[in-house]
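Trainee: Residue numbers (the working numbering), protein chains in the order written: chain A, 117 to 444; chain B, 32 to 287.
Shown below is the structure under consideration.
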């Protein structure tokens, strides 16, 4: 079910390093050969990679389907925007605060929600998105309601007397790329830790996991909070990149997009989710040039995916590695 | 201390509405003993196990493990102590993972001091996992599963999965293991292997057992003492010889 654990993936590890380095090099040089519009599409894809990584930890590794990622994404976006607009705090503070606020809010939401059984849990997380949007719309004193918050400053860094502002697509691209790389490393370390093994055990069989002493409820709560932190960080980037946030940041469409990234890319694999976000978010951004056809094309694409690649693209990537392995 | 039974259960009851699945059962397992628990289907054996191991909450009664009252504790809290572990009637393994990973998972919570330490990525965490792997490999060899150790556990036969489950339970060096029908649905040759494994664990590692089993030959050969449940109550208790001769047991369970 999960190529990450299969022997094939184990033997392919030595090839992954040069390929990973090549891809990283390519990513670093992308602004040299890509125009501003494709670069913008990649930036959006990399921003969505963060909540998708969080959802992957929750769904792909722990087996919990949550639709709440958009809620935490929105919370992160608003937290960051409010700090920047009202207090003029530097970007890195807003960014970290967005993650912390989202994670902290996930605690009281997760405690009751995780007591629910599978389907009820999904419905409950869906409720969080709707409540989030209602608050953003109606707490006008704080959020300015439907008008949203505008003129969020572009990220700037202040270290002592020196400060500089990340403006322009290329600058933002490198900022987001660096953050996405760090986030990917963080997910990798979590998944590879003994806790990651316990998470997989919970996904595979919760009762059996309990019978070997794993406190499953605590793990689920911790992972729910970690996933919210990732979503909040993504929301912060989103706010600073678009420089506006509105109640539309809390929309179900974002939750389903994150779900499509994880399921389409390959739940329970890191490379699948990276691939998924580039494909599904990058592609929809790129398709904006043909707006009428965009959603139709996207719909057909998803149908094709379900029929031909029910486990997402990750098995395909796995097969690619073993193919290279045999050629060597 | 050593005179105390490892497991001491008194007056255990479990009701589901008006139905009394377990009705005031007293039972103890002595240190180093292999004790059998038999009875017809629906006699409350599995419910009894669930109440003892924390999967279900007993309605009344007390469960003492090693002198400590653990009545009403949760499954994972009891298991995390590493003293008493259980198997399930329907064999379960972590299907997508190979045997070694199955065993490492089964040992992790007994090696790491807390939840947060399991997120560790440093040398300390790596050394702990390496030690677990070492022990897992030993147990895999003993269980005779070495050749298939990299296969996904879910792809293996029912009998092999039983052996994985059994080896998993030995990871934390428990004092007591509760087995729920360990011989169900496995072929005679593997039955011998599982019986041998139980004997070995009992003799070499000093593990006590409480075993639910329908295969009366297995019960007779392994256990010195057998408890019979019927309709949630204790019907009889004694050596296998006494039980087989017991008129009430023959009528209720062994069939004339």
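A virtual CB, placed ideally from N, CA and C, is assigned to each residue, including glycine.
Does the CB of residue 168(B) have a neighbour CB from chain A at under 9 Å?
Mentor: For the purposes of this step, residue 168(B) is identified with residue 137 of the second chain, where counting begins at 1. No, its Cβ sits nowhere closer than 9 Å to a Cβ of chain A.
Trainee: Against chain A, with Cβ distances strictly below 9 Å, would residue 127(B) count as a contact?
Mentor: If you number the second chain from 1, residue 127(B) lands on position 96. Judged by the 9 Å Cβ criterion, residue 127(B) is in contact with chain A.
Trainee: Rounded to a whole number of angstroms, what is the C-alpha to C-alpha distance between residue 268(A) and residue 324(A)?
Mentor: One-based indexing of the first chain puts residue 268(A) at position 152. One-based indexing of the first chain puts residue 324(A) at position 208. Going by the C-alpha atoms only, they are around 49 Å apart.
Trainee: Cβ closer than 8 Å: which chain A residues qualify as neighbours of residue 156(B)?
Mentor: Sequence index remark: in the second chain, residue 156(B) carries index 125 (1-based). In chain order: 309, 310.
Trainee: Would you mind giving the Cβ-Cβ distance between residue 289(A) and residue 155(A), rounded to the nearest angstrom? I have them listed as a contact below 8 Å.
Mentor: Here residue 289(A) refers to the residue found at position 173 of the first chain. Here residue 155(A) refers to the residue found at position 39 of the first chain. With 8 Å as the limit, residue 289(A) and residue 155(A) qualify as a contact, their Cβ atoms being about 5 Å apart.
Trainee: Assuming residue 347(A) and residue 167(A) are in contact, meaning their beta carbons sit under 8 Å apart, how far apart are those beta carbons, in whole angstroms?
Mentor: Here the question's residue 347(A) lines up with position 231 in the first chain. Here the question's residue 167(A) lines up with position 51 in the first chain. Indeed, because the Cβ distance is near 4 Å, the residues count as touching under 8 Å.
Trainee: Would you say residue 87(B) faces chain A, with C-beta separation under 9 Å as the test?
Mentor: Position 56 of the second chain, counted from the start, is the residue given in the question as residue 87(B). Not one chain A Cβ lies under 9 Å of residue 87(B).
Trainee: Can you pull the chain B neighbours of residue 320(A), defined as C-beta to C-beta under 8 Å?
Mentor: The residue labelled residue 320(A) in the question sits at position 204 within the first chain. The contacting residues are 125, 126, 127, 128.
Trainee: In the structure shown, what three-state DSSP assignment does residue 119(A) receive?
Mentor: Position 3 of the first chain, counted from the start, is the residue given in the question as residue 119(A). Unreliable placement is indicated for residue 119(A), whose pLDDT of 41 sits below 50; no coordinate value is reported for it.
Trainee: Against residue 190(B), what residues of chain A qualify as contacts under a CB-to-CB distance less than 8 Å, listed in chain order?
Mentor: In the second chain, counting from the first residue as 1, residue 190(B) sits at position 159. Within chain A, no residue comes near residue 190(B); the closest Cβ sits about 18 Å away, beyond 8 Å.
Trainee: Taking contact to mean at least 3 C-beta pairs separated by less than 8 Å, is the region 143 to 163 of chain A in contact with the region 171 to 183 of chain A?
Mentor: Judged by Cβ distances under 8 Å, the region 143 to 163 of chain A makes no contact with the region 171 to 183 of chain A, as fewer than three pairs qualify.
Trainee: For residue 67(B), which beta-bridge partners are listed by DSSP?
Mentor: Here residue 67(B) corresponds to residue number 36 of the second chain, with the count starting at 1. Answer is 242(B), 257(B).
Trainee: For residue 248(B), name the three-state secondary structure that DSSP assigns.
Mentor: Sequence index remark: in the second chain, residue 248(B) carries index 217 (1-based). In this structure, residue 248(B) counts as helix in the three-state DSSP scheme.
Trainee: Taking only three categories from DSSP, how would you classify residue 280(A)?
Mentor: Your numbering for residue 280(A) matches position 164 in the first chain. Residue state, collapsed to three classes: strand.
Trainee: So with CB distances below 9 Å, who are the chain B contacts of residue 313(A)?
Mentor: Indexing the first chain from 1 puts residue 313(A) at position 197. By Cβ distance, chain B contributes 128, 132, 135, 136, 139, 149, 160.
Trainee: Just tell me which of 165(B), 164(B), 216(B) has its CA closest to the CA of residue 189(B).
Mentor: Residue numbering aside, residue 189(B) sits at position 158 when the second chain is read from its first letter. Looking at the Cα atoms, 216(B) is the closest of the given residues.
Trainee: Any idea what DSSP makes of residue 188(B), helix, strand or coil?
Mentor: Translated into positions along the second chain, residue 188(B) becomes position 157. Coil.
Trainee: Quick check on this structure: which residue in 259(A), 328(A), 148(A) has the alpha carbon closest to the alpha carbon of residue 202(A)?
Mentor: Residue 202(A) sits at position 86 when you count from the first residue of the first chain. Checking every option, the nearest Cα to that of residue 202(A) belongs to 259(A).
Trainee: Can you tell me which of 320(A), 333(A), 371(A), 327(A) puts its alpha carbon nearest to the alpha carbon of residue 344(A)?
Mentor: Along the first chain, one-based indexing puts residue 344(A) at 228. Minimum Cα distance to residue 344(A) is reached at 371(A).
Trainee: For a test of the three-state rule: what should DSSP assign to residue 131(B), helix, strand or coil?
Mentor: If you number the second chain from 1, residue 131(B) lands on position 100. Note: residue 131(B) maps to helix in three-state DSSP.
Trainee: Using a Cβ-Cβ cut-off of 7 Å (strictly less than) and excluding sequence neighbours within five positions of residue 149(B), which residues of its own chain qualify?
Mentor: In the second chain, the residue the question calls residue 149(B) occupies position 118. Counting only Cβ-Cβ distances below 7 Å, and skipping sequence neighbours, we find 139, 143.
Trainee: Using beta carbons (cut-off 9 Å, strictly below), is residue 227(A) in contact with chain B?
Mentor: Position 111 of the first chain, counting from 1, holds the residue named residue 227(A). False, the Cβ-Cβ gap to chain B never drops below 9 Å.
Trainee: Mind listing which residues of the region 111 to 122 of chain B have their C-beta closer than 9 Å to chain A's C-betas, in chain order?
Mentor: If the cut-off is 9 Å between Cβ atoms, the region 111 to 122 of chain B has 111, 112, 113, 116, 117, 118, 119 near chain A.
Trainee: When we look at the beta-carbon of residue 226(A) and count the other beta-carbons within 10 Å, is it buried (16 or more) or exposed?
Mentor: Here residue 226(A) refers to the residue found at position 110 when the first chain is read from its first residue. When all chains shown are included, residue 226(A) counts as buried.
Trainee: Residue 398(A) and residue 453(A) - do their beta-carbons sit closer together than 9 Å?
Mentor: The structure shown does not extend to residue 453(A), since chain A spans only 117 to 444, so no value can be given for it.
Trainee: Could you say if the region 260 to 267 of chain B and the region 227 to 237 of chain B meet the contact criterion of at least three C-beta pairs nearer than 8 Å?
Mentor: No contact exists between the region 260 to 267 of chain B and the region 227 to 237 of chain B.
Trainee: Taking beta-carbon pairs under 7 Å, can you tell me which members of the region 94 to 108 of chain B lie near chain A?
Mentor: Hits within the stretch, in order: 106, 107.
Trainee: Chain A partners of residue 199(B), CB-CB under 8 Å?
Mentor: The residue given as residue 199(B) occupies position 168 in the second chain. Chain A residues near residue 199(B): 328.
Trainee: Here's the rule I'm using: 16 or more other beta-carbon atoms within 10 Å means buried, otherwise exposed. How should residue 227(B) be labelled?
Mentor: Numbered from 1 along the second chain, position 196 holds the residue referred to as residue 227(B). With fewer than 16 Cβ atoms within 10 Å of its Cβ, residue 227(B) is classed as exposed.
Trainee: Below 9 Å between beta carbons: does that hold for residue 57(B) and residue 43(B)?
Mentor: The count along the second chain starts at 1 and reaches residue 57(B) at position 26. The count along the second chain starts at 1 and reaches residue 43(B) at position 12. Result yes, Cβ atoms of residue 57(B) and residue 43(B) sit closer than 9 Å.
Trainee: Measuring straight from C-alpha to C-alpha, what distance separates residue 272(B) and residue 165(B)?
Mentor: Sequence index remark: in the second chain, residue 272(B) carries index 241 (1-based). Sequence index remark: in the second chain, residue 165(B) carries index 134 (1-based). Residue 272(B) and residue 165(B): Cα-Cα distance of roughly 42 Å.
Trainee: Got a sec? Which residues, its chain only, sit under 8 Å from residue 280(A) by beta carbon, not counting five neighbours each side?
Mentor: Taking the first residue of the first chain as 1, we reach residue 280(A) at position 164. Once the five neighbours on either side are set aside, the close Cβ partners of residue 280(A) are 272, 273.
Trainee: Enumerate, from N- to C-terminal direction, the unbroken alpha helix (DSSP H) stretches of 4 or more residues contained entirely within the region 135 to 186 of chain B.
Mentor: Listed in chain order, they are 154 to 173.
Trainee: What runs of the alpha helix (DSSP H), each 4 residues or longer, lie entirely inside the region 145 to 204 of chain A?
Mentor: Those alpha helix (DSSP H) runs which fall completely within the region 145 to 204 of chain A and span 4+ residues are 152 to 171, 185 to 203.
Trainee: Please compile the residues from chain A whose C-beta is within a distance smaller than 8 Å of the C-beta of residue 79(B).
Mentor: In the second chain, residue 79(B) corresponds to position 48, counting from 1. Per Cβ cutoff of 8 Å: no residues; residue 79(B) is ~16 Å from chain A at best.
Trainee: Based on DSSP bridge pairs, tell me the residues matched to residue 91(B).
Mentor: Position 60 of the second chain, counted from the start, is the residue given in the question as residue 91(B). Paired residues: 44(B).
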